[in-house]
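Some notes on the structure that comes next.
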Amino acid sequence: MEHENIEDSPPRRSRVQLQEWVQEFVDLGHPIASRIRVVEQEDADGRDTGLVVVELAHGGGSVSLEPRGYDDPLWQADLTGGDDDVMLSPYALAGLAAELVVAGNLCAFLQWKSLEWDRASGRHTEGGATDASG
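Going by full-length UniProt numbering, the residue at position 129 of the sequence shown is 129; the numbering climbs one at a time, nothing skipped.
Pasting the structure below:
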């Protein structure tokens, strides 16, 4: 079988791969007030999948970004907050809105990188044939 390193082969995205993509997003100059990190996460088989977490500076909480499923190139966001209601000034509310825009842009960027990486792998083509060079 050609899957010598399934940990880093499409559609599986390892923690290291996700860290590289997040750094690429940061290097593009997006204004980021939140802390973005890639945490350890394993699938049901114990293989590294990574999880991107945007820790919100305004209002507490975080946004977790991940693919919808193993062989799914589309991404989703999970917004989590604390157990308590949070009162925000107009400026803090605007800051939170800006953080959520960045999280949305990052989620779209990661989805684009996943689609690009999957196509470049040669494992998924329009005709269903695969390219052994990927």
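Every residue, glycine too, gets a C-beta built ideally from N, C-alpha and C.
Checking 8 Å against the spacing of the C-beta atoms, do residue i and residue j come in under that value?
| i | j | result |
| --- | --- | --- |
| V26 | I32 | yes |
| S64 | L56 | no |
| L79 | E66 | no |
| S14 | V102 | no |
| W75 | L110 | yes |
| I36 | V54 | yes |
Going by DSSP in three states, residue i sits in which element: helix, strand or coil?
| i | result |
| --- | --- |
| D118 | helix |
| E55 | strand |
| P67 | strand |
| D72 | coil |
| V39 | strand |
| A33 | coil |
| L88 | coil |
| L79 | strand |
Mind checking residue i: buried by the 16 CB within 10 Å criterion, or exposed?
| i | result |
| --- | --- |
| V86 | exposed |
| V116 | It is worth fixing the name first, because residue 116 is Glu in this sequence and not Val. E116 should be labelled exposed. |
| L106 | buried |
| S89 | exposed |
| E99 | buried |
| W21 | buried |
Our contact map puts residue i next to residue j with C-beta atoms below 8 Å; I'd like the distance itself, whole angstroms only.
| i | j | result |
| --- | --- | --- |
| H58 | L96 | 4 Å |
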